[in-house]
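Step one of this worksheet: look at the structure below.
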Amino acid sequence: MKNFDLVVAGVGGQGIILASRVVSNAAIAAGMEVRTSEVLGMAQREGPVTSHVRMGRNIQGALIPSGQADALLGFELSETVRNLYLLKPGGTVVTSTTTIVPTTVVLGLSSYNREELMAHLRQTVSNLVTVNAERLAREASNVKALNSVLLGTLAAIDKLPIPAAALRETLLSIVPARLHEVNERAFDLGYRSIGVS
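Take the sequence shown: its letter number 20 is residue 314 in my numbering, and every next letter is one higher.
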């Protein structure tokens, strides 16, 4: 079994921690060792949030070193671009085309231009998958299911060492029963929507 490193990045309130927990729990259920780490920017809604999930055998440390992530799951464009330094050459980026003006822009610490961000991703990432996750989450009846949409998209590209069905089952085991239907629908929409932007 080959080790696999996943970075999950976005802003607070998007469900980054839940998504990384789903992947972690599914990997553990599949018999893998897992190490995780979360970096919470301003520890508030809409501050940067990054989660590292390392899975496989003989995992050394919880933080993924620069240039070693196999995949980056981006919930928000600028946070996807900001975390590209963690991706290894030939790594895969699955990103939502969703834009939320991050706190760093509000504070004047950075700028935000959606077209430039998309152009940068297209120029620097050879394995890029985009999805309008916010639109699909709304289609699933709850914009908060954006994380489930992205998990479905990640499962569909077949890069994780976890079968899509196991990831979906783990998602439903974690979210409250009253949210099963919407999260199941969101996961399935993400799974079927590779390349939709």
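Yeah, the Cβ is synthetic: ideal placement off N, Cα and C, and Gly gets one too. Small disclaimer: the values here were computed from a predicted structure and weren't measured.
| Inter-residue spacing [alpha-carbon to alpha-carbon] between residue 301 and residue 363 | On the sequence shown, position 7 is the one that residue 301 refers to. On the sequence shown, position 69 is the one that residue 363 refers to. Residue 301 and residue 363: Cα-Cα distance of roughly 7 Å.
| Cβ neighbours of residue 361 in the same chain (closer than 8 Å, five flanking residues each side left out) | For the purposes of this step, residue 361 is identified with residue 67 of the sequence shown, where counting begins at 1. For residue 361, where only same-chain residues beyond five positions count, the Cβ hits under 8 Å are 379, 380, 381, 382, 383.
| Going straight from the alpha carbon of residue 460 to that of residue 323, what length do you get? | The sequence position of residue 460 within the sequence shown is 166, counting from 1. The sequence position of residue 323 within the sequence shown is 29, counting from 1. Distance between the alpha carbons of residue 460 and residue 323: 9 Å.
| said: Just list the residues that DSSP pairs residue 386 with in beta bridges. | reply: Walking along the sequence shown from the start, residue 386 turns up at place 92. Per DSSP, 365, 421.
| request: Give me whichever residues DSSP pairs with residue 334 in a beta bridge. | output: Taking the sequence shown and counting its residues from 1, the one referred to as residue 334 is at position 40. In DSSP, residue 334 forms a bridge with 343.
| Of all the options 454, 438, 434, 458, which has the alpha carbon lying nearest to the alpha carbon of residue 306? | Position 12 of the sequence shown, counted from the start, is the residue given in the question as residue 306. The shortest Cα separation from residue 306 among 454, 438, 434, 458 belongs to 438.
| field | Pair within 8 Å by beta-carbon distance, residue 572 and residue 343 | value | The first residue shown for the chain is 295 and the last is 491, placing residue 572 beyond what the model contains.
| message | Excluding the 5 residues flanking residue 490 on each side, which residues of the same chain have their C-beta closer than 7 Å to its C-beta? | response | Along the sequence shown, one-based indexing puts residue 490 at 196. No answer about residue 490 holds up, because its pLDDT of 43 lies below 50 and its placement is not dependable.
| field | Cα-Cα separation, residue 329 to residue 313 | value | Your numbering for residue 329 matches position 35 in the sequence shown. Your numbering for residue 313 matches position 19 in the sequence shown. Cα to Cα, residue 329 sits roughly 15 Å from residue 313.
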